[in-house]
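Data first, discussion second: the structure below is written as structure tokens.
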Amino acid sequence: MLSRKFTTSGYTLIELIVFIVVIGVTLTGTLISLNTISEKSPTSNYQIKAVSYAQERMELILGQRRLKSFSTFTDPCAGASPPSICSNPTGYTISAAINATTINGDSNYKTIIVTVTGLGNATLTTIVGS
0 MLSRKFTTSG YTLIELIVFI VVIGVTLTGT LISLNTISEK SPTSNYQIKA VSYAQERMEL
60 ILGQRRLKSF STFTDPCAGA SPPSICSNPT GYTISAAINA TTINGDSNYK TIIVTVTGLG
120 NATLTTIVGS
């Protein structure tokens, strides 16, 4: 009598099904997490717009510094009747602060901080001297 030895190689159908189920559950969890994160984070387009709005306000303030003297320049958008260029774009709020700053005992500096909040967020800070 002749006996044959069967050797098997590869995977069984049950192992393949278990593998597919495990991969499916893992991918589903990963995709749900990524979707949740992407819904809560601002898109790069909103961020780019926020930085652009902050730069515009900073340039407006620095332009006021050039027109007026160092000691009297202010944020023109903070006054009682701001120019039309100061209107906040839809979905964004822009604020600015100008603070006296002392560096190495010299008080002839001011720090300008422009903050944009809303759909995208950005903060620009610069120090100017007299």
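Under numbering that gives the first Met the number 0, think of the first position of the sequence shown as 0, with each following residue one higher.
From the three backbone atoms N, C-alpha and C, an ideal C-beta is built for every residue, glycine too.
Of the residues the options, the one placed nearest residue i, counting alpha carbons only
i           : options          : result
residue 63  : 52, 55, 54, 75   : 75
residue 77  : 47, 57, 68       : 57
residue 45  : 119, 15, 53, 123 : 119
residue 69  : 30, 111, 91      : 111
residue 47  : 15, 107, 116     : 116
residue 114 : 65, 104, 50      : 50
Supposed contact pair residue j and residue i - C-beta distance, whole angstroms, cut 8 angstroms
i           : j           : result
residue 99  : residue 109 : 6 angstroms
residue 121 : residue 79  : Incorrect: roughly 26 angstroms between the Cβ atoms, too far for contact.
residue 59  : residue 84  : 7 angstroms
residue 129 : residue 107 : 4 angstroms
Backbone secondary structure at residue i - three-state DSSP
i           : result
residue 77  : helix
residue 10  : coil
residue 130 : Any answer about residue 130 is impossible in this case: the structure gives the chain only from 0 up to 129.
residue 34  : helix
Buried versus exposed, by CB contacts within 10 Å (16 or more), residue i
i          : result
residue 18 : exposed
residue 93 : buried
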